[in-house]
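Single-structure report; data block below.
2 protein chains.
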Amino acid sequence: MKSTRRSAASAHSWLEVNRQTQTPFYLQIYERLRAAITAGTLRPGERLPSARSLASQLATARGTVDAAYELLASQGYVVGRGAAGTIVAPTLANVLSSRRPAAPNTPSQKAPARKPDTVAAIAPKPFQLGLPAMDAFPRTVWSRLATRRARELTLIGMSYPDPFGYQPLREAIASYLAVARGFNCSPDSIVITGGYQSTLAMIARAVLKPGDDVWVEDPGYTDTSRALTMAGANLVPVSVDEHGLDVAAGVARSAHARFAVVTPSHQAPLGVTLDLPRRLSLLAWAIKAGSWVVEDDYDGEFRYDSKPLPALKSLDERDRVLYVGSFSKVMFPGLRLGYLVLPDSLVDTFARVRHILYRDGSIFIPSVVTDFMTGGHFARHVKRMRQLYAERRGALARALVDAFADRVNIELQAGGMQLIAHLGDGYNDVEVAKRANAQGLAVSPLSPRSVENHRGPALMLSFTNIPVERARREARRLQEAIAI
Amino acid sequence: MKSTRRSAASAHSWLEVNRQTQTPFYLQIYERLRAAITAGTLRPGERLPSARSLASQLATARGTVDAAYELLASQGYVVGRGAAGTIVAPTLANVLSSRRPAAPNTPSQKAPARKPDTVAAIAPKPFQLGLPAMDAFPRTVWSRLATRRARELTLIGMSYPDPFGYQPLREAIASYLAVARGFNCSPDSIVITGGYQSTLAMIARAVLKPGDDVWVEDPGYTDTSRALTMAGANLVPVSVDEHGLDVAAGVARSAHARFAVVTPSHQAPLGVTLDLPRRLSLLAWAIKAGSWVVEDDYDGEFRYDSKPLPALKSLDERDRVLYVGSFSKVMFPGLRLGYLVLPDSLVDTFARVRHILYRDGSIFIPSVVTDFMTGGHFARHVKRMRQLYAERRGALARALVDAFADRVNIELQAGGMQLIAHLGDGYNDVEVAKRANAQGLAVSPLSPRSVENHRGPALMLSFTNIPVERARREARRLQEAIAI
Numbered sequence: 001m002k003s004t005r006r007s008a009a010s011a012h013s014w015l016e017v018n019r020q021t022q023t024p025f026y027l028q029i030y031e032r033l034r035a036a037i038t039a040g041t042l043r044p045g046e047r048l049p050s051a052r053s054l055a056s057q058l059a060t061a062r063g064t065v066d067a068a069y070e071l072l073a074s075q076g077y078v079v080g081r082g083a084a085g086t087i088v089a090p091t092l093a094n095v096l097s098s099r100r101p102a103a104p105n106t107p108s109q110k111a112p113a114r115k116p117d118t119v120a121a122i123a124p125k126p127f128q129l130g131l132p133a134m135d136a137f138p139r140t141v142w143s144r145l146a147t148r149r150a151r152e153l154t155l156i157g158m159s160y161p162d163p164f165g166y167q168p169l170r171e172a173i174a175s176y177l178a179v180a181r182g183f184n185c186s187p188d189s190i191v192i193t194g195g196y197q198s199t200l201a202m203i204a205r206a207v208l209k210p211g212d213d214v215w216v217e218d219p220g221y222t223d224t225s226r227a228l229t230m231a232g233a234n235l236v237p238v239s240v241d242e243h244g245l246d247v248a249a250g251v252a253r254s255a256h257a258r259f260a261v262v263t264p265s266h267q268a269p270l271g272v273t274l275d276l277p278r279r280l281s282l283l284a285w286a287i288k289a290g291s292w293v294v295e296d297d298y299d300g301e302f303r304y305d306s307k308p309l310p311a312l313k314s315l316d317e318r319d320r321v322l323y324v325g326s327f328s329k330v331m332f333p334g335l336r337l338g339y340l341v342l343p344d345s346l347v348d349t350f351a352r353v354r355h356i357l358y359r360d361g362s363i364f365i366p367s368v369v370t371d372f373m374t375g376g377h378f379a380r381h382v383k384r385m386r387q388l389y390a391e392r393r394g395a396l397a398r399a400l401v402d403a404f405a406d407r408v409n410i411e412l413q414a415g416g417m418q419l420i421a422h423l424g425d426g427y428n429d430v431e432v433a434k435r436a437n438a439q440g441l442a443v444s445p446l447s448p449r450s451v452e453n454h455r456g457p458a459l460m461l462s463f464t465n466i467p468v469e470r471a472r473r474e475a476r477r478l479q480e481a482i483a484i
Numbered sequence: 001m002k003s004t005r006r007s008a009a010s011a012h013s014w015l016e017v018n019r020q021t022q023t024p025f026y027l028q029i030y031e032r033l034r035a036a037i038t039a040g041t042l043r044p045g046e047r048l049p050s051a052r053s054l055a056s057q058l059a060t061a062r063g064t065v066d067a068a069y070e071l072l073a074s075q076g077y078v079v080g081r082g083a084a085g086t087i088v089a090p091t092l093a094n095v096l097s098s099r100r101p102a103a104p105n106t107p108s109q110k111a112p113a114r115k116p117d118t119v120a121a122i123a124p125k126p127f128q129l130g131l132p133a134m135d136a137f138p139r140t141v142w143s144r145l146a147t148r149r150a151r152e153l154t155l156i157g158m159s160y161p162d163p164f165g166y167q168p169l170r171e172a173i174a175s176y177l178a179v180a181r182g183f184n185c186s187p188d189s190i191v192i193t194g195g196y197q198s199t200l201a202m203i204a205r206a207v208l209k210p211g212d213d214v215w216v217e218d219p220g221y222t223d224t225s226r227a228l229t230m231a232g233a234n235l236v237p238v239s240v241d242e243h244g245l246d247v248a249a250g251v252a253r254s255a256h257a258r259f260a261v262v263t264p265s266h267q268a269p270l271g272v273t274l275d276l277p278r279r280l281s282l283l284a285w286a287i288k289a290g291s292w293v294v295e296d297d298y299d300g301e302f303r304y305d306s307k308p309l310p311a312l313k314s315l316d317e318r319d320r321v322l323y324v325g326s327f328s329k330v331m332f333p334g335l336r337l338g339y340l341v342l343p344d345s346l347v348d349t350f351a352r353v354r355h356i357l358y359r360d361g362s363i364f365i366p367s368v369v370t371d372f373m374t375g376g377h378f379a380r381h382v383k384r385m386r387q388l389y390a391e392r393r394g395a396l397a398r399a400l401v402d403a404f405a406d407r408v409n410i411e412l413q414a415g416g417m418q419l420i421a422h423l424g425d426g427y428n429d430v431e432v433a434k435r436a437n438a439q440g441l442a443v444s445p446l447s448p449r450s451v452e453n454h455r456g457p458a459l460m461l462s463f464t465n466i467p468v469e470r471a472r473r474e475a476r477r478l479q480e481a482i483a484i
């Protein structure tokens with residue numbers, strides 16, 4: 001076998017981009033630099049070539065290299081040093097220290113018994129979206145439960161699992177949904193999945209034909225659109241206003257879309273709630289068109305001014321809603337665990353798809369999560385996080401107001417895990433975010449989330465990983481970085 | 001929400017089949033009976049309606065109900081009692097004992113802390129294909145390693161994993177493949193997957209367009225064909241003879257198929273080895289046509305008369321082979337863990353597909369498997385199993401000869417986990433297997449594995465779970481059941 005990716009002989013020759021594939025150059029550059037860093041070819045503290053010289057060497061645009069460097073910075077692989085250029089993050093020294101650079105074309109002889117893990121170990125960066133409070137999870141409880149399950153390898157654990165996943169977990173989820181999300185379902189209609197993206201891919205396999213229309217929210221969650229596009233859907237962006245998805249606009253644009261993907265509790269990214277008239281008209285549309293509604297309830301548990309709203313699924317008397325839940329936000333993303341509640345009429349179809357195309361998922365993690373839920377730890381943790389997030393959200397909002405006065409407009413959402421800082425009209429939020437992230441922050445611009453329904457300029461800032469006592473410091477750091 | 005599946009009010013009303021879906025009736029009947037058994041609506045020892053009366057009630061063919069009952073019997077849910085009809089397996093009493101029948105439409109209030117698990121707990125049945133020796137896995141070692149990993153929940157374990165999977169496991173696999181399967185690859189070209197079926201689905205997502213031709217072996221592995229069909233492929237069955245896949249026949253039939261799926265080490269199900277001239281012509285075809293070869297090396301480790309052959313991938317100088325490995329056969333299927341070694345030119349494409357559609361897989365199981373491999377337990381276990389399987393294979397073959405004399409012709413394959421018992425020409429192997437399985441055995445008829453290249457009548461019998469001292473008893477049991 002050839003192994004062009006690892007031939008690190010001449011300077012930067014491993015950076016060679018491939019003009020035959022459809023992979024954007026910036027992703028190719030990113031991937032090769034990332035590999036070089038994790039392999040030790042580029043060492044912590046080492047300076048990367050300047051974007052200008054690398055662009056010239058690769059005969060590509062300067063902006064392409066910038067984009068790759070940004071992506072690396074956003075994941076903690078590199079840090080900007082202003083005029084001194086970009087260097088491999090010195091903090092990686094700890095996690096990479098005993099990793100030898102791999103010689104090209106020779107697999108390692110024998111891996112040492114316990115290798116330190118790679119850069120994923122880096123703590124969440126300030127303002128980073130989509131992560132729960134990583135410091136507040138009850139790790140000791142979890143480890144105790146996991147250890148108990150690990151002690152015994154049962155014949156069940158050794159055998160092929162049920163295609164819909166670990167039955168006791170499906171029962172625990174059904175109980176939880178009845179209490180916390182306001183609807184009853186049979187454990188037999190619940191499928192345990194590997195998280196949101198896989199669930200969406202599975203839904204596409206089961207109910208979508210290539211070229212079918214699918215409504216997505218505009219602005220919306222980028223990875224939803226990317227997954228559906230890759231699965232062959234024709235995306236129909238539907239505007240979101242202060243009442244949530246504009247159902248009439250969707251009907252006008254594509255009355256017979258195969259399904260709609262919505263985030264009714266706290267719309268991603270605007271945070272608005274799909275109001276009751278819209279909920280009812282969305283369901284009425286699905287019934288009339290014979291279409292489906294995919295409810296992505298990624299953080300419905302977190303609401304601060306009132307009790308969490310029941311899920312859209314609780315209104316679903318005609319069984320048109322596929323409810324998608326995830327443990328990534330209420331526990332932690334490394335679980336890679338989610339679930340899907342199916343309409344009865346789709347159970348057989350999904351049974352086939354699961355058995356033939358998604359026969360995955362060991363029962364170990366599901367069994368520990370079951371114990372975590374049935375032991376009461378899950379409900380307790382969600383309650384604690386609701387309290388903690390309310391505090392962190394308040395502290396960050398106050399700190400931002402102190403740091404920026406009226407130069408940004410802080411919008412608190414009723415729920416969720418982030419807030420929105422609106423910038424004055426003259427600003428380019430993509431550029432502003434770039435400045436912040438070059439300084440080790442992880443803020444996200446709002447405007448790229450829109451297809452036609454333009455919003456912004458604004459920054460999305462998560463508060464979940466900013467302890468109250470660090471809020472003022474991080475707000476000042478942001479203000480200094482973006483100088484607004 | 002409606003919940004028609006659970007409304008067990010009137011007798012057998014939960015058995016209602018749905019004439020609107022494309023799900024075959026027999027699968028619907030199977031699924032509903034299975035649900036009724038696991039829910040406790042039908043209790044261990046309880047008699048099922050006779051196939052004739054159920055067929056009449058559902059206005060379907062008697063054979064349809066028979067097929068559903070067979071499927072249930074093959075999985076241990078029911079057992080045939082001859083003239084006394086079919087009953088729910090009494091052995092289920094142990095595993096189902098504390099499960100309450102769920103009331104329709106009401107989720108359980110609170111699941112008990114540690115529920116006994118369901119029928120998956122049943123031990124492998126005599127002759128059942130595709131399972132390693134479940135009694136011979138070093139569970140104590142495994143539990144020790146798993147406990148060590150479970151004790152600490154690291155920040156890495158809590159975070160989103162690398163899209164290609166746990167890096168240390170990819171390194172351990174690369175080392176193993178170099179030693180055991182004869183080829184070198186970079187850990188960066190290895191993707192950790194959820195097992196064979198998911199891997200095939202992922203390959204289809206990455207390289208297949210709907211309607212593309214794909215070569216499959218004839219006879220072949222049924223679930224490969226089912227997965228590819230579901231993923232939109234147009235199957236091209238290519239005959240297998242004593243040299244393996246007839247490459248010239250494939251070229252004649254579809255010279256530009258997108259890829260071919262082959263089992264070169266021990267063809268599934270015939271057990272023949274793809275010989276060197278065929279290997280070379282298969283690779284030459286792929287190079288010329290710009291096509292890919294998917295090498296399913298599901299049990300390449302197990303060869304009894306000589307050293308295991310190197311993988312086809314070891315000849316792949318032009319990088320056209322996607323090598324698919326699995327831990328299901330060399331460790332146990334409950335791991336739900338496999339891997340895919342990619343040609344360099346496909347790494348970027350798969351990185352996109354993984355990130356967007358397959359962002360699944362916690363690192364827990366992969367981390368324990370890494371320790372199992374780097375600690376030397378894996379190599380030791382494979383070596384022990386090679387020895388054990390050789391013994392069990394020999395003992396079963398001798399016992400079958402004793403039981404059947406020359407009324408069946410036992411064909412030992414050079415490797416793999418099963419042998420083939422050829423029946424005389426007059427027999428219908430599907431019928432014979434049915435008779436055996438009604439008595440609690442799990443033999444598989446060969447003839448349904450063929451599309452055009454008809455083989456059989458024969459039975460495929462796995463020896464992996466039949467200890468030497470039980471071989472004579474099981475052989476006699478088979479002889480009595482099928483009365484040949």
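Which chain is which? The protein sequence lines are P and U, in order. The first sequence runs 1 to 484 under this note's numbering. The second sequence runs 1 to 484 under this note's numbering. Every residue gets a Cβ at the ideal spot worked out from N, C-alpha and C, and that includes glycine.
- Shown here, R47/P sits in a strand according to DSSP, grouped into three states.
- In the three-state DSSP reduction, H377/U falls in the helix class (H, G or I).
- Remark: C-beta atoms of Y298/P and V321/P do not approach each other more closely than 9 Å.
- Of the residues assessed, P210/P falls on the exposed side of the cut-off, its CB having fewer than 16 other CB atoms within 10 angstroms.
- A Cβ-Cβ distance of about 19 Å is found for the pair L228/P and L274/P, leaving them out of contact under the 8 Å criterion.
- The C-beta of Q28/U comes closer than 9 Å to at least one C-beta of chain P.
- Contact annotation, Q128/P with N428/P: C-beta distance approximately 21 Å; criterion of less than 8 Å not satisfied.
- For H355/U, the secondary structure class from DSSP, reduced to helix, strand or coil, is helix.
- Taking one beta carbon from each stretch, the region 192 to 207 of chain P and the region 380 to 400 of chain P have fewer than 3 pairs nearer than 8 Å; the two do not touch.
- When the five nearest sequence neighbours on each side are left out, the beta carbons in the same chain lying within less than 7 Å of the beta carbon of A436/P are those of V443, L478, A481, I482, in order along the chain.
- In terms of Cα proximity to H355/P, the closest of I87/U, A61/U, R407/U, S198/U is S198/U.
- D297/P is outside the set of residues whose beta carbon lies under 9 Å from a beta carbon in chain U.
- In the displayed model, R181/P falls within coil according to three-state DSSP, outside both helix and strand.
- Note on geometry: alpha-carbon atoms of V179/U and G361/U lie some 27 Å from one another.
- Chain order gives the chain U residues near G361/P as G194, R336, where near means a beta carbon separation below 7 Å.
- By the Cβ rule, the region 237 to 252 of chain P counts as touching the region 265 to 285 of chain P, because three or more pairs are nearer than 8 Å.
- By the CB criterion at 9 Å, P264/U and L200/U fall outside the cutoff.
- For T38/U, the uninterrupted alpha helix (DSSP H) run begins and ends at 25 to 39, by DSSP.
- Contact of F364/U with chain P is assigned, a C-beta pair being separated by under 9 Å.
- For R392/P, no CB of chain U lies under 9 Å from its own CB, so it is not counted at the interface with that chain.
- Residue burial is scored here from C-beta neighbours: L276/U has fewer than 16 other C-beta atoms within 10 angstroms and is therefore classed as exposed.
- At a cut-off of 9 Å between C-beta atoms, F372/P does not count as an interface residue with respect to chain U.
- In this structure, I365/U lies away from L346/U, with their beta-carbon atoms at least 9 Å apart.
- Residues of the same chain with a CB within less than 6 Å of the CB of T60/P, apart from the 5 flanking positions on each side, are F25 in chain order.
- The bridge partners DSSP lists for L459/P are A421/P, P445/P.
- Residue pairing for L235/P: DSSP places it in a beta bridge opposite V214/P.
- Scanning its chain for C-beta atoms nearer than 7 Å, with the 5 sequence neighbours on each side dropped, one finds around I203/P the residues V294, L322, in chain order.
- In the structure shown, I87/U falls within a strand segment according to DSSP collapsed to helix, strand and coil.
- Residue pairing by DSSP places N465/P in no beta bridge whatsoever.
- Nearest CB-CB separation between F259/P and chain U: not below the 9 Å threshold.
- Between D212/P and N234/P, the C-beta gap is smaller than 9 Å, which places the two residues in contact.
- With respect to Y160/U, S367/U sits apart: the two C-beta atoms are not nearer than 9 Å.
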